[in-house]
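These notes concern the structure reproduced below.
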């Protein structure tokens, strides 16, 4: 087993709670995932004998092991008090002990201080051997490992919230133009591929509990090149999603000047993000509630109108290729389903909860989309939906259209804000991993945002908004995201050599992603191929420049957050 894969639980000499540690490739540094009582001093352990148990087995073993502070005589009441959540504990300014902590630092001794990174959704902890207490600068926060509080129901709600967004307001028009009344079979195909992708992501997240998604999984299990391909596909897909959401906002808010409104929205969202403002959890819940209310209004209004078409008849006339192309476009509306798989450190019994929650959330969203599709086809027909820039407003009719337009614009604005913030951090992570130019790794000293990365993303999104049709942006997003999940499925195939049904599901996901991606509109496929080739060329130039300067062209096993 390579050194950077060796893992095993260790205990400090003081009887502190156990650590799971990984030796770095050099063997001289340690990456630790800390499980410690508040007040226990941090320890740095040398590399030892590897433990060949899986990550899930180690998680269960650590959870079942009592804290030695209790075993040593500390009262249960005091121990419970010590373990109160301290995820955002403010501490006083202590410049002497402050250590700058980029997200990709390893746990290494630093004189009288020590630095650590808790991988995944856990965060940095700084302490000194003398006190063991965390220290941070003024305005800084100390984060400890999050508690496992999320059950199956909560995970399902979070998954629905991640999927049920503005995509449904945009995607039925392009899909109806391709498949006609065969929207329901296309939805079923897109949902089936999404389930396979999400399950593969869940299994990989259980084995590699780190942020980064397929970017990390590809690097770990297939090689750095595949990891880069996944990361760059993610950047491409989400950038196209930003353009699609901006164009959707413009189409619903002011159809006659959709591009101007879309461009203004992009500038506004980038400016807001540069100030460090992001979409909060409360805002997300409000947006999901508004989206459900608007979709309900669409369904009620559509079924109140005289039927124009029979949505459940004649769909066999579309042909299998048209159904598959429409499924690739509809895949855009399912974006976000893998969010559940990233919550492994906050979910109770993640090995059981995540595989249950993902198909439940996807199934419920699929039902919502199917009902909306039937209502829209019945009220407007496929031709009217295909010709409309705001298909759900067309389906709702004149009486309800203003409400639907407002709802579509608000939902699109919320999704656009979240996408721009996530994209900037993705580019930052790849720049830190030396996959993109290092200039993009800069973080604003005042607002603590990756300002250069967000400006670069904003410029590309503006270019797409000005030049691309909505269907092209949706198709480009679908092509890139399907390629991203193809890498995830390929990585998952290396996990379960002794579980044929899991390998079969990952194989189905891989095949489905490749087929749907290649059958998307030709202009989207060509644009995606050009962008991926350009990214690969930029990466080669960046790495060649590092070699000429005497650096290294290989990765350093760092995995900054991607796709948060």
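In the working numbering, the protein residues as written are 70 to 633. Positions of the beta carbon are idealized from the N, C-alpha and C atoms, including for glycine. Remember, predicted model here, so these are calculated numbers, not experimental data.
Considering only DSSP beta bridges, list what residue 479 is partnered with. Walking along the chain shown from the start, residue 479 turns up at place 410. None, per the DSSP bridge assignment.
Say whether the segment 438–457 touches the segment 232–249, bearing in mind that this needs 3 or more beta-carbon pairs closer than 8 Å, one atom from each stretch.
yes
DSSP on residue 416, reduced to helix/strand/coil? The residue labelled residue 416 in the question sits at position 347 within the chain shown. If DSSP states are grouped into helix, strand and coil, residue 416 belongs with the strands.
Going by C-alpha distance, which of 593, 416 and 585 is nearest residue 226?
-> The sequence position of residue 226 within the chain shown is 157, counting from 1. That would be 416, whose Cα lies nearest to the Cα of residue 226.
**Asked** Which two residues bound the contiguous alpha helix (DSSP H) that contains residue 516?
**Response** Residue numbering aside, residue 516 sits at position 447 when the chain shown is read from its first letter. Looking at the DSSP string, residue 516 is not in any alpha helix (DSSP H), and its letter there is neither H nor E.
Exercise for review: Whole angstroms is fine: what's the gap from residue 311's alpha carbon to residue 328's?
Suggested key: Here the question's residue 311 lines up with position 242 in the chain shown. Here the question's residue 328 lines up with position 259 in the chain shown. If I take the Cα positions, the gap works out to 13 Å.
**Asked** Does the distance from the CB of residue 496 to the CB of residue 522 come in under 7 Å?
**Response** The residue you call residue 496 lines up with position 427 of the chain shown. The residue you call residue 522 lines up with position 453 of the chain shown. Result yes, Cβ atoms of residue 496 and residue 522 sit closer than 7 Å.
Cα-Cα separation between residue 465 and residue 356, rounded to whole angstroms | Counting from one through the chain shown, the residue named residue 465 turns up at place 396. Counting from one through the chain shown, the residue named residue 356 turns up at place 287. Residue 465 and residue 356: Cα-Cα distance of roughly 20 Å.
- request: Spell out the partners DSSP gives residue 219 in its beta bridges.
  value: Here residue 219 is taken as the residue at index 150 of the chain shown, counted from 1. DSSP lists 416 as partners of residue 219.
Nearest-angstrom beta carbon gap, residue 345 and residue 518 [assumed within contact, 8 Å]
Position 449 of the chain shown, counting from 1, holds the residue named residue 518. Position 276 of the chain shown, counting from 1, holds the residue named residue 345. Yes, residue 518 and residue 345 are in contact; Cβ-Cβ is about 5 Å, under 8 Å.
| task | For residue 468, count neighbouring C-beta atoms within 10 Å of its own C-beta (all shown protein chains included) and say buried if the count is 16 or more, exposed if not. | result | Counted from its first residue, the chain shown places residue 468 at position 399. Residue 468 is exposed by the Cβ-count criterion.
- Can you tell which of 593, 429 and 342 has the C-alpha that lies nearest to the C-alpha of residue 652? Because the chain in this structure spans residues 70 to 633, residue 652 falls outside the shown range and cannot be described.
Runs of alpha helix (DSSP H) wholly within the segment 528–580 (minimum 4 residues, chain order): 539–561
Could you tell me the distance, in whole angstroms, from the CA atom of residue 608 to the CA atom of residue 360? The residue you call residue 608 lines up with position 539 of the chain shown. The residue you call residue 360 lines up with position 291 of the chain shown. So the alpha carbons of these two residues sit roughly 40 Å apart.
Tell me the rounded alpha-carbon separation between residue 243 and residue 494.
Here residue 243 refers to the residue found at position 174 when the chain shown is read from its first residue. Here residue 494 refers to the residue found at position 425 when the chain shown is read from its first residue. So the alpha carbons of these two residues sit roughly 30 Å apart.
Can you tell me whether residue 613 is buried or exposed? The criterion is at least 16 other CB atoms within 10 Å of its CB, across all chains shown.
The residue given as residue 613 occupies position 544 in the chain shown. Classification of residue 613: exposed, given that the 10 Å Cβ count is below 16.
Which whole-angstrom value is the C-beta distance of residue 531 and residue 332, which I expect to be below 8 Å?
The residue given as residue 531 occupies position 462 in the chain shown. The residue given as residue 332 occupies position 263 in the chain shown. With 8 Å as the limit, residue 531 and residue 332 qualify as a contact, their Cβ atoms being about 6 Å apart.
Exercise. Can you tell me which of 459, 591, 429 and 597 puts its alpha carbon nearest to the alpha carbon of residue 394?
Key: The residue given as residue 394 occupies position 325 in the chain shown. The shortest Cα separation from residue 394 among 459, 591, 429 and 597 belongs to 591.
*Quick one: what does DSSP say residue 378 is sitting in, helix, strand or coil?*
The residue you call residue 378 lines up with position 309 of the chain shown. DSSP places residue 378 in coil when its eight states are reduced to three.
Taking buried to mean at least 16 other C-beta atoms within 10 Å of its own C-beta, is residue 407 buried or exposed?
Within the chain shown, residue 407 is the residue found at index 338, counting from 1. Residue 407 should be labelled buried.
Is it buried or exposed, residue 204, if we count other Cβ atoms within 10 angstroms and call 16 or more buried?
Residue numbering aside, residue 204 sits at position 135 when the chain shown is read from its first letter. Because residue 204 sits at a pLDDT of 41, beneath the cut-off of 50, its placement in the model cannot be relied upon, and the point is left open.
Look up residue 489 in the DSSP assignment and say whether it is helix, strand or coil.
Position 420 of the chain shown, counting from 1, holds the residue named residue 489. DSSP places residue 489 in helix when its eight states are reduced to three.
Residue closest to residue 488, alpha-carbon to alpha-carbon, out of 218, 389 and 309: As a working note, residue 488 is residue 419 in the chain shown. Nearest C-alpha to residue 488: 309.
Of all the options 292, 245 and 363, which has the alpha carbon lying nearest to the alpha carbon of residue 471?
-> Counting from one through the chain shown, the residue named residue 471 turns up at place 402. Checked all of 292, 245 and 363; the closest Cα to residue 471 is 363.
Beta-carbon contacts of residue 400 that lie in its chain and below 8 Å, excluding the five residues immediately before and after: Counted from its first residue, the chain shown places residue 400 at position 331. Taken in chain order, the residues that qualify are 259, 262, 263, 547, 550, 551 and 585.
Q) To the nearest angstrom, how far is it from the Cα of residue 477 to the Cα of residue 579? A) Residue mapping note: residue 477 aligns to position 408 of the chain shown, counting from 1. Residue mapping note: residue 579 aligns to position 510 of the chain shown, counting from 1. Between residue 477 and residue 579, the C-alpha separation is close to 32 Å.
Alpha-carbon to alpha-carbon, residue 403 and residue 365
For the purposes of this step, residue 365 is identified with residue 296 of the chain shown, where counting begins at 1. For the purposes of this step, residue 403 is identified with residue 334 of the chain shown, where counting begins at 1. Cα to Cα, the separation comes out at about 18 Å.
Review point. Closest to residue 559 by CA distance: which of 267, 317, 449 and 330 is it?
Key: By one-based count along the chain shown, residue 559 stands at place 490. It is 267.
Can you tell which of 409, 248 and 418 has the C-alpha that lies nearest to the C-alpha of residue 429? Locating residue 429 in the chain shown gives position 360, counting from the first residue. Minimum Cα distance to residue 429 is reached at 409.
- request: Spell out a yes or no on whether the segment 237–253 and the segment 445–454 are touching, meaning 3 or more CB-CB pairs, one atom from each, closer than 8 Å.
  value: yes
### Task
Would you mind working out which of 290, 486 and 575 sits nearest residue 265, comparing C-alpha positions?
If you number the chain shown from 1, residue 265 lands on position 196. For residue 265, the nearest C-alpha among the options comes from 575.
To the nearest angstrom, how far is the alpha carbon of residue 537 from that of residue 313? Here residue 537 is taken as the residue at index 468 of the chain shown, counted from 1. Here residue 313 is taken as the residue at index 244 of the chain shown, counted from 1. The straight-line gap from Cα to Cα measures roughly 9 Å.
Review point. Given residue 617, which residues of its chain have a CB within under 8 Å of its CB, disregarding the five upstream and five downstream residues?
Key: Taking the chain shown and counting its residues from 1, one reaches residue 617 at position 548. Around residue 617: no qualifying Cβ.
Next item on the list: Check whether the Cβ atoms of residue 273 and residue 561 sit closer than 7 Å, and answer yes or no.
Entry: To locate residue 273, count along the chain shown from 1; it is residue 204. To locate residue 561, count along the chain shown from 1; it is residue 492. Contact flag set, yes.
Round the Cβ separation of residue 60 and residue 270 to the nearest angstrom and send it over; I've been treating them as touching at under 8 Å.
-> Outside the displayed range of the chain (70 to 633) lies residue 60, so it cannot be described from this structure.
For residue 502, three-class secondary structure by DSSP: Here residue 502 is taken as the residue at index 433 of the chain shown, counted from 1. Looking at residue 502 - three-state DSSP - the assignment turns out to be coil, as it is neither helix nor strand.
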